[in-house]
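Have a look at the structure below before the remarks.
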Amino acid sequence: MINKEKIDQFYAKLMIANDGISEPLPFGDELSTLGKITLISQYETMMYDHAPSGELTRAKPLPELDLPVLPKHLWRLLGQVFEQCCDNYLTMVRLLMFIHKRGYGVPPTVWLPSKHMKTEFNDVDGMNFEGELPSPYLAWLAWVNDEQTTAFDEPLTADNWDEFYPAERIRRLKNLRKSDPKTALDLISQFAPNEPAEKRLAIIETLAVNLSDEDKAFLQSLDKDRSQKVKELSKQLLARLGNFDNDDELADELFGELEMTGDGIMFKSTKNNTKSQNNFEKLQKVNFFVLAKKFDLSLVDFVLAWDFKHGNHYHRYYDVNAVLLERAVPLLSDEEVQQVATTLMPIMLKNSSLYWQKIRARLPVSFRQEFADKLFAKGESFLYLLGMMPHQLQVNAKTLQASSSYKKMIANIQKWQEKYSGYIDDYHICQEVRALGLLVGQDTAKECLAHLEGLGIMRTDPALSMLHFNALLDKRAD
0 MINKEKIDQF YAKLMIANDG ISEPLPFGDE LSTLGKITLI SQYETMMYDH APSGELTRAK
60 PLPELDLPVL PKHLWRLLGQ VFEQCCDNYL TMVRLLMFIH KRGYGVPPTV WLPSKHMKTE
120 FNDVDGMNFE GELPSPYLAW LAWVNDEQTT AFDEPLTADN WDEFYPAERI RRLKNLRKSD
180 PKTALDLISQ FAPNEPAEKR LAIIETLAVN LSDEDKAFLQ SLDKDRSQKV KELSKQLLAR
240 LGNFDNDDEL ADELFGELEM TGDGIMFKST KNNTKSQNNF EKLQKVNFFV LAKKFDLSLV
300 DFVLAWDFKH GNHYHRYYDV NAVLLERAVP LLSDEEVQQV ATTLMPIMLK NSSLYWQKIR
360 ARLPVSFRQE FADKLFAKGE SFLYLLGMMP HQLQVNAKTL QASSSYKKMI ANIQKWQEKY
420 SGYIDDYHIC QEVRALGLLV GQDTAKECLA HLEGLGIMRT DPALSMLHFN ALLDKRAD
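Here numbering that gives the first Met the number 0 is used: the first residue of the sequence shown is 0, the next is one more, and so on.
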């Protein structure tokens, strides 16, 4: 044991130069010597208690969730699952939804939202999957961003508008549009004009819920809005209500380039690349209502008559069929969008990524679940199904294990086992097993665990963590 005087001496020499100590250090073995030199190098920091750079402020208390906290004996396992999900928005959000549906909230010592966490995932050109951050966590998101939020059970009013975190306010507006669209419209017309462009756009988008003629006057007033995106949105919503321009020279030009064939409406064949380029650009700008009238069709009938069966009309990397959907779907009513989706179902089942993300957010949950169930029957991977399926798989273990999706997963596991031993460290296999754990019910999870362990996977393998968590977490009794 060396005393303080010795420490001071060695520290002084170390401060002069790295080679300031010439005599042997009075320590034991080499490892001990290195450890003590490390402590000596930190000695100055230990001697001083630095004053804070500014005045200390007490952080606001973290809002309590309007949910019972997950049973404590599962915290460690949950932490392991979160660690596995942290680099994947899809699995992380679906894990939070899974726990929420079982009736619990996660403890803040295990998880807190990141500062700029997204809350919904309906971006046509970005994150687009089934899932949203459960509402109780919006209060935590507000806390992380140092913004205020109000009580869970307090209704949205003009008096407390500013007390809600933006994402929570949007959800409450959507719910209010379902129950009392007139009151929601009054709030939107009062507060939206004062918001920044992106927030204003998100607020006005909620008018799509229960859209009616009552909303026309406000939407027409947005013709002079300072944001081009807001102007475009107002035109789209007005178009759904039957208000649109009846003149468009581009429609005349495009009409001459289109033809009605046995497969539907399509561009006339041409080898002129310049003409194809011009047609593509016109399709991005044309008034579809006027173009449909050229064929004596309503807009929805025009879209239904389009030849989606042939994906051979490409503008470099982009399919003109996708452009048609991207521009026409916002102009159609919810019922009309469902008609289009039903017509496109066979095409989307062959390649769901082709058009599904253009229309998914406008479809009812029941339709989306039906589509995902068909993808399961087709044998898609569990990770893919996790992004497509609003609810869990409603199948028992016997049906699940007879499915192509499950058999493919097992085949990949067995291929890995032929080459390696120990815990599974294949990223894709681990993702697949984790997604399975998020998609099945509790009883099915237990039977899947038994089956996988029977194949030689160790019970303690981290790849099985989500299945274990599912099997152990009982649904809370109300």
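Even for Gly, the Cβ is constructed at its ideal location relative to N, Cα and C.
All of these numbers come straight from a predicted model, not from anything done at the bench.
- DSSP, reduced to helix, strand and coil, places L472 outside both helices and strands of the structure shown, so it counts as coil.
- DSSP places G263 in the uninterrupted beta strand (DSSP E) bounded by G263 to F266.
- For N271, no beta strand (DSSP E) segment is defined, and its DSSP state is neither H nor E.
- Judged by beta-carbon spacing, A396 lies beyond the 8 Å limit of T342, meaning their Cβ atoms are not closer than that value.
- Contact between the segment 327-336 and the segment 293-311 is present, with at least three C-beta pairs closer than 8 Å.
- Boundaries for T398: no beta strand (DSSP E) harbours it, while the alpha helix (DSSP H) harbouring it runs A396 to Q400, taken from the DSSP string.
- A contact is defined here as three or more CB-CB pairs under 8 Å, and the segment 89-99 fails this definition with respect to the segment 280-298.
- Within 10 angstroms of the beta-carbon of L454 lie fewer than 16 other beta-carbons, which makes it exposed.
- By the Cβ criterion, the segment 432-451 is in contact with the segment 388-406, since at least three pairs of Cβ atoms, one from each stretch, lie closer than 8 Å.
- Where E231 is concerned, the enclosing alpha helix (DSSP H) starts and stops at Q227 to R239.
- Closest in alpha carbon position to D185, among D214, F163, T459 and E197, is D214.
- When the five nearest sequence neighbours on each side are left out, the beta carbons in the same chain lying within less than 6 Å of the beta carbon of L472 are those of R101, in order along the chain.
- Counting along the chain, no alpha helix (DSSP H) covers N121; the unbroken beta strand (DSSP E) around it starts and ends at E119 to N121.
- The beta strand (DSSP E) runs of length 3 or more contained entirely in the segment 57-121 are, from start to end of the chain, 119-121.
- Taken atom to atom, the span from the alpha-carbon of H49 to that of K114 is near 29 Å.
- Where G386 is concerned, the enclosing alpha helix (DSSP H) starts and stops at F381 to M387.
- The criterion of a C-beta distance shorter than 8 Å is not satisfied by V80 and L111.
- Going by DSSP, T342 is part of the alpha helix (DSSP H) stretching over D333 to K349.
- Per DSSP, reduced to three states, the secondary structure at M457 is coil, with no helix or strand assignment.
- Y354 and A462 have their C-alpha atoms spaced approximately 33 Å apart.
- Taking the Cβ atoms as the reference, E194 lies roughly 6 Å from I202, within the contact range of under 8 Å.
- Per DSSP, the continuous beta strand (DSSP E) segment holding M259 begins and ends at L257 to T260.
- When rounded, the separation of the alpha-carbon atoms in D333 and L348 is 21 Å.
- Rounded to the nearest angstrom, the gap between the Cα atoms of L76 and M465 is 8 Å.
- Distance from Y164 to L140 at the Cβ level is roughly 6 Å; contact confirmed, criterion being Cβ atoms closer than 8 Å.
- Contact between M116 and L137 is ruled out by a C-beta separation of about 10 Å, above the 8 Å threshold.
- Of the residues D65, S52 and E129, the one whose Cα lies closest to the Cα of L362 is E129.
- For the 8 Å CB-CB criterion, S404 and F375 form a contact.
- When P345, G378, N272 and C85 are compared, the shortest CA-CA separation from Q430 is found for C85.
- Beta-bridge partners of N127 (DSSP): N121.
- Linking D477 to K198 through their CA atoms gives a straight-line distance of about 37 Å.
- Under the criterion of beta carbons closer than 8 Å, K228 and L200 qualify as touching, at roughly 5 Å.
- Rounded to the nearest whole angstrom, the CA to CA distance from N411 to R367 is 28 Å.
- Membership of W139 in the alpha helix (DSSP H) is indicated by the continuous run L137 to V143.
- Note on geometry: alpha-carbon atoms of K173 and D424 lie some 43 Å from one another.
- Annotation: the continuous alpha helix (DSSP H) that includes Y426 extends over Y426 to L438.
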